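Engineer: So that we are looking at the same thing, I have put the structure below in structure tokens.
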Amino acid sequence: APSSSSKNWKNLATKKRKYLYFELTYSLFLFSLSLLGNLALATIKDTLQALVDDGKAHLEKVGTSNYYWAFPSEAVVKRKRKLEELQSQHSDLTKQKNTLEAQINESLKGKEESDERKELEAQLFELEETNKKQSESLERFRECDPEVLRALKEKSTIAKTAANRWTDNIFILQSWCRDKFNIETSTFNKQFGLPDDFDNIP
Numbered sequence: 001a002p003s004s005s006s007k008n009w010k011n012l013a014t015k016k017r018k019y020l021y022f023e024l025t026y027s028l029f030l031f032s033l034s035l036l037g038n039l040a041l042a043t044i045k046d047t048l049q050a051l052v053d054d055g056k057a058h059l060e061k062v063g064t065s066n067y068y069w070a071f072p073s074e075a076v077v078k079r080k081r082k083l084e085e086l087q088s089q090h091s092d093l094t095k096q097k098n099t100l101e102a103q104i105n106e107s108l109k110g111k112e113e114s115d116e117r118k119e120l121e122a123q124l125f126e127l128e129e130t131n132k133k134q135s136e137s138l139e140r141f142r143e144c145d146p147e148v149l150r151a152l153k154e155k156s157t158i159a160k161t162a163a164n165r166w167t168d169n170i171f172i173l174q175s176w177c178r179d180k181f182n183i184e185t186s187t188f189n190k191q192f193g194l195p196d197d198f199d200n201i202p
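Under UniProt numbering, think of the first position of the sequence shown as 1, with each following residue one higher.
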């Protein structure tokens with residue numbers, strides 16, 4: 001059975017991918033994310049910090065607030081560069097593989113088993129394994145496809161709308177508490193852990 005540490009790593013990797021789907025072109029508050037995803041603040045903070053450590057998101061401290069942000073174009077450029085590198089390597093390996101296959105076929109013509117043939121077969125096997133790994137890596141970078149990026153952008157818009165809807169609900173609750181119980185907005189924010197500059201995402 002998988003170990004506890006293995007499960008935790010897989011969970012973290014899944015959360016990091018989900019947060020990246022938001023395409024953070026705007027700042028997100030931890031409280032807003034907790035309302036949107038129904039997750040613990042500590043879980044969100046750890047996941048966002050992991051994204052910062054991986055270089056996939058940025059953290060800015062403004063006063064007592066932490067702002068997490070990332071540019072979709074930054075991630076796209078990195079992925080495209082990596083994709084081009086993998087495609088170039090894949091092309092080179094394919095050429096080497098074809099050359100070795102031709103040499104092996106040539107060596108088989110009227111010849112018995114030879115050291116040269118064994119060496120070529122070993123090289124071919126190694127290249128096939130490397131080529132297989134490169135192909136798998138290429139598949140992982142297919143997310144640079146415009147259709148995939150368009151789908152991610154749509155998800156980002158939906159997430160932003162949902163976050164602002166929750167923010168509006170909080171504003172309504174603030175007003176109700178102020179009118180009903182004479183609770184100032186600053187007091188309300190302090191009680192619920194909201195920053196003073198809490199507002200909708202532009």
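C-beta atoms are modelled at their ideal positions from N, C-alpha and C, and glycine is treated no differently. In this text, all values refer to a predicted model and were calculated from it rather than measured experimentally.
DSSP beta-bridge partners for Glu60?
Structural biologist: Answer by DSSP bridge pairing, in chain order: Tyr67.
Engineer: Taking all protein chains shown into account, do 16 or more other C-beta atoms lie within 10 angstroms of the C-beta of Phe31, making it buried, or fewer, making it exposed?
Structural biologist: Note that Phe31 scores 48 on pLDDT, short of 50, meaning its location in the model is unreliable; the coordinates nonetheless yield the value given after this. Classification for Phe31: buried.
Engineer: What span of residues does the alpha helix (DSSP H) with Phe188 cover, start to end?
Structural biologist: Thr185 to Gln191 is the span of the alpha helix (DSSP H), which, as asked, contains Phe188.
Engineer: For Phe198, count neighbouring C-beta atoms within 10 Å of its own C-beta (all shown protein chains included) and say buried if the count is 16 or more, exposed if not.
Structural biologist: Counting Cβ neighbours within 10 Å, Phe198 comes out buried, since at least 16 surround it.
Engineer: Kindly list the residues whose CB is nearer than 8 angstroms to the CB of Cys177, restricted to its own chain and excluding five residues on each side of it in sequence; keep chain order.
Structural biologist: Taken in chain order, the residues that qualify are Ile183 and Phe188.
Engineer: Would you kindly work out how many angstroms separate the C-alpha atoms of Asp115 and Glu106, rounded to a whole number?
Structural biologist: Roughly 14 angstroms separates the two Cα atoms.
Engineer: Between Asp55 and Val76, what straight-line distance do the alpha-carbon atoms span, to the nearest angstrom?
Structural biologist: In the sequence on display, residue 55 carries Gly and not Asp. Roughly 13 angstroms between the two C-alpha positions.
Engineer: Between Leu35 and the rest of its own chain, which residues show a CB-CB distance below 6 angstroms, the 5 nearest in sequence each way excluded?
Structural biologist: Unreliable positioning characterises Leu35 in this predicted model, as indicated by a pLDDT of 49, which lies under 50. A coordinate reading is not provided.
Engineer: Consult DSSP for Asp53 and reduce its assignment to one of helix, strand or coil.
Structural biologist: Reduced to three states, the DSSP call for Asp53 is helix.
Engineer: Count the other CB atoms, across all protein chains shown, that sit within 10 Å of the CB of residue 204; report buried if there are 16 or more and exposed otherwise.
Structural biologist: It is not possible to answer for residue 204, since the shown part of the chain is limited to 1 through 202.
Engineer: What would DSSP say about Leu86, mapped onto helix, strand or coil?
Structural biologist: Helix at Leu86.
Engineer: Going by C-alpha to C-alpha distance, which of Ala151, Gln89, Gly193 and Phe192 sits closest to Ser137?
Structural biologist: Nearest option by C-alpha distance: Gln89.
Engineer: Between the beta-carbon of Thr130 and the beta-carbon of Leu100, is there less than 8 angstroms?
Structural biologist: Going by C-beta atoms, Thr130 is not nearer than 8 angstroms to Leu100.
Engineer: According to the Cβ coordinates, are Ala163 and Ile201 closer than 8 angstroms?
Structural biologist: Yes. Within cutoff.
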